[in-house]
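As structure tokens, the structure follows; a few thoughts come after it.
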Amino acid sequence: MGISSSGGGSLTREPLDSAQADAFAPMFKALGDPVRLRLLSMIASARGGEVCVCDLTGEFHLTGPTISHHLKVLREAGLVDSDRRGTWVYYRMIPAALAVMGTLLETGLPV
């Protein structure tokens, strides 16, 4: 899924069209799970901008395949990217994805 801010302004400026909603919904859906939200936070805050899956799995009381499934969902939603290096996979956040999500949620109202 390509990420573009064209026509992807704030939800409070104009309604999304069907194609935009279809493109952005998987990103928000992926973050609707607490494990995935935590994984994304861990990846985004990792020193050096990336983290080995071996460093993620020990933080959860879940099996390796379950963690891999959650990471796959984040990857397919366009929120993270990964590279295999030998037996390990390293994950990094895609900053543009969070920027687009943030722009969609901007209201222009003071917090």
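Each residue of the sequence shown is one higher than the last, beginning at 1 in the UniProt record's numbering.
Where is the CB? At the ideal position from N, CA and C, for every residue including glycine.
Check	Outcome
What three-state label does DSSP hand residue 5 in the structure shown?	Bear in mind that the predicted position of residue 5 carries a pLDDT of just 41, short of 50, making it too unreliable to give a figure here.
Does the Cβ-Cβ distance between residue 82 and residue 75 come in under 8 angstroms?	yes
Here's a check: name, in chain order, each residue in its chain whose Cβ is nearer than 6 angstroms to the Cβ of residue 46, leaving out the five neighbours to either side.	none
Consult DSSP for residue 17 and reduce its assignment to one of helix, strand or coil.	coil
Whole beta strand (DSSP E) runs in the UniProt domain "HTH arsR-type" (16-111) with 3 or more residues, listed along the chain?	80-85, 88-93
Please tell me whether residue 97 and residue 79 are closer than 8 angstroms, where the distance is taken between their beta carbons.	yes
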